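Numbering (my numbering), first residue to last: 49 to 177.
See the structure below:
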């Protein structure tokens with residue numbers, strides 16, 4: 049039991065808080081390291097009513113066509129563009145790093161990389177579709 053606890057401590061926290069600036073507003077995100085994505089604080093629990101989790105469960109690589117994959121496009125942002133009533137938003141953190149997030153009608157958000165990861169995992173579960 050002690051070995052497990054030490055191992056868990058050595059690997060670091062499973063989630064951390066991050067602040068991202070959207071224009072003049074700051075939003076706190078939870079970096080869910082075990083899931084490989086950031087979601088806005090208050091929506092970090094997959095059992096919450098936040099739309100982000102419904103969208104993450106249904107996003108599909110099949111929604112993309114060849115033009116979505118060409119020219120160095122942000123594939124996660126392309127996926128977000130395909131989701132009805134979702135929009136791409138740009139943010140910057142305190143270190144000046146820029147990122148894109150997919151925002152849903154209820155205000156919940158996920159980073160575009162997390163959206164792409166969910167689409168890949170969904171494809172693997174569905175036999176590549």
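Glycine included, C-beta positions come from ideal geometry on N, C-alpha and C. Every value quoted in this text rests on a predicted model; they were computed, and no experiment measured them.
Are the stretch 158-165 and the stretch 122-138 in contact at 8 Å, needing three or more beta carbon pairs? Segments in contact, yes.
Do residue 99 and residue 65 have their C-beta atoms within less than 8 Å of each other? Counted from its first residue, the chain shown places residue 99 at position 51. Counted from its first residue, the chain shown places residue 65 at position 17. No; because the gap between Cβ atoms is not below 8 Å, this pair is not in contact.
How should residue 117 be labelled, buried or exposed, when 16 other C-beta atoms within 10 angstroms of its C-beta is the threshold for buried? Residue numbering aside, residue 117 sits at position 69 when the chain shown is read from its first letter. With fewer than 16 other Cβ atoms within 10 Å, it is exposed.
Residue range of the alpha helix (DSSP H) that residue 167 falls in? Residue 167 sits at position 119 when you count from the first residue of the chain shown. Going by DSSP, residue 167 is part of the alpha helix (DSSP H) stretching over 160-173.
Three CB pairs or more closer than 8 Å across the stretch 124-141 and the stretch 102-114: Yes: the two stretches touch, three or more of their Cβ pairs being nearer than 8 Å.
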